[in-house]
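Novice: When you line the sequence shown up against the working numbering, it's residues 3 to 145, in that order. The beta-carbon is built from N, C-alpha and C at its ideal position, and this holds for glycine as well. These numbers come from a predicted model, not from an experiment.
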Amino acid sequence: MSIVGVPVGGLKTVGQIVGTNSLMFRTNQNCLAIAAELLSTHTPGAPVVDNKGKYVGFINEFDVLKAYEAGKDLSTLTAESIMRPGPIAVHASTTIAAAVQMMEEQHVLNLPVEIDGKVAYSVSRHDLLRASIGLGLGMGLDP
């Protein structure tokens with residue numbers, strides 16, 4: 003299938019994807035509020051930033067579920083206590099294939115995209131699939 007304005011074979015880098023998810027959590031944010039935000043936005047995970055906006059970790063639904071299943075009270079926990087420390091991110095120049103591989107290796111369904119040292123947005127596996135086959139936002143498949 004060929005669509006005017008889309009490279010044959012799809013998009014090649016994460017930076018070519020239009021970012022639609024800018025959800026981020028703060029290190030001191032309450033985990034019950036994080037769970038509610040993940041659920042209400044239908045977002046599988048998001049980066050965690052400190053009070054200066056520096057990217058310090060990542061939380062996804064599995065991390066919240068693990069804390070809950072361990073009998074922890076989500077209302078008393080903070081993002082910092084359940085996050086995966088260290089950035090799990092890609093850059094605008096990261097290839098779609100490398101982003102897919104990172105998702106598989108890290109067992110996450112979305113990845114933050116860093117541009118100029120800051121998290122700009124996140125891409126989901128849905129975004130990566132759409133980009134891989136050459137469909138961008140506004141090309142008829144969006145809800």
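So, with DSSP's three-state summary, where would you put D144?
Specialist: Residue confidence for D144 is low, a pLDDT of 46 falling below 50, so the modelled location carries little weight; the figure read from the coordinates is stated next. Coil at D144, not helix or strand.
Novice: Any heavy atom of the ligand COA closer than 7 Å to the Cβ of L76?
Specialist: Questions concerning the ligand COA fall outside what the structure shown contains, since it holds no ligand whatsoever.
Novice: Can you grab the Cα-Cα spacing for the pair G73 / L79, in whole Å?
Specialist: 12 Å
Novice: Indicate whether the contact test is met: 3 or more Cβ pairs, each with one atom in the stretch 31-41 and one in the stretch 12-21, closer than 8 Å.
Specialist: Contact between the stretch 31-41 and the stretch 12-21 is absent, because fewer than three Cβ pairs lie under 8 Å.
Novice: Along the chain, where does the alpha helix (DSSP H) that runs through L67 open and close?
Specialist: 63-71
Novice: Could you please give me the residues that DSSP links to K74 through a beta bridge?
Specialist: None; K74 has no bridge partner.
Novice: Do L113 and A91 have their C-beta atoms closer together than 8 Å?
Specialist: In this structure, L113 places its C-beta atom within 8 Å of the C-beta atom of A91.
Novice: Quick check: E82 and N32, are their CB atoms within less than 8 Å of each other?
Specialist: no
Novice: Since I147 and I117 are thought to touch, with beta carbons under 8 Å apart, how far apart are those beta carbons, to the nearest angstrom?
Specialist: It is not possible to answer for residue 147, since the shown part of the chain is limited to 3 through 145.
Novice: Looking only at C-alpha atoms, which of L13, G136, L130, D52 sits nearest to M26?
Specialist: D52
Novice: Determine the burial state of S95: buried for a count of at least 16 other Cβ atoms within 10 Å of its Cβ, exposed for fewer.
Specialist: exposed
Novice: Verify whether the separation of the beta carbon atoms of L111 and G12 is less than 8 Å.
Specialist: no
Novice: Step through the CB atoms of chain D and report whether any lies within less than 8 Å of the CB of G12.
Specialist: No chain D is part of this structure, which consists of one protein chain only.
Novice: Could you check what DSSP says for A48 in three-state terms: helix, strand or coil?
Specialist: strand
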